[in-house]
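J.: Attaching a single structure in structure tokens format; questions to follow.
Here is the structure:
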């Protein structure tokens, strides 16, 4: 399932319109059916209901992560600001809000969080989801 998740992410980065198709009611073309078959086969350990839950969990993570990444890329193009520029522009407001003490966990995340690049963040999130499913998931 890891390889399938990366294939979806790669396809969406290659063709941004694809991200808009992720989630909700999927098309039933041959590529979508092949993806579903491969996903279910990778997750199937004998209980098809467990496989369906696993595939849904992984696909939901991939959909959310990929759509967030593509939205960020679109915002960069629309605004002309990359993430670092946006962060610098937003920093004074964010610091004022964090200084109120109403957002202590967010303040800790801003100050101490690792803020990984998108590839690392995607891999870490996917690993968490796959680990959370318990048991071996092939591919």
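Numbering (full-length UniProt numbering), first residue to last: 1 to 139. For glycine and all other residues, C-beta sits at the position ideal for the given N, C-alpha and C.
At the level of alpha carbons, what is the spacing between residue 38 and residue 65?
T.: Cα to Cα, residue 38 sits roughly 20 angstroms from residue 65.
J.: Is the beta carbon of residue 130 sitting closer than 8 angstroms to the one on residue 9?
T.: Cβ distance not < 8 angstroms, so residue 130 and residue 9 don't count as in contact.
J.: Using beta-carbon positions only, say whether residue 58 and residue 127 come within less than 8 angstroms of one another.
T.: No; because the gap between Cβ atoms is not below 8 angstroms, this pair is not in contact.
J.: Measuring CB to CB, does residue 54 end up less than 8 angstroms from residue 133?
T.: Yes, they are a contact pair.
J.: In three-state terms, what does DSSP make of residue 175?
T.: There is no way to answer for residue 175, as the model of the chain reaches only from 1 to 139.
J.: Would you report the Cα separation of residue 69 and residue 91, rounded to the nearest angstrom?
T.: Distance between the alpha carbons of residue 69 and residue 91 is about 21 angstroms.
J.: What residue does the alpha helix (DSSP H) around residue 83 start on, and which one ends it?
T.: Residues 83-99.
J.: Got a sec, what are the start and stop residues for the alpha helix (DSSP H) residue 73 sits in?
T.: Residues 48-79.
J.: Considering only the beta carbon of each residue, do residue 125 and residue 35 sit closer than 8 angstroms?
T.: For residue 125 and residue 35, no; Cβs fall outside 8 angstroms.
J.: Quick one: Cα of residue 23 to Cα of residue 51, how far?
T.: About 18 angstroms.
J.: Looking only at its own chain, which residues have a Cβ that is under 7 angstroms from the Cβ of residue 82, when we skip the five neighbours before and after it?
T.: Excluding sequence neighbours, residue 82 sits near 76.
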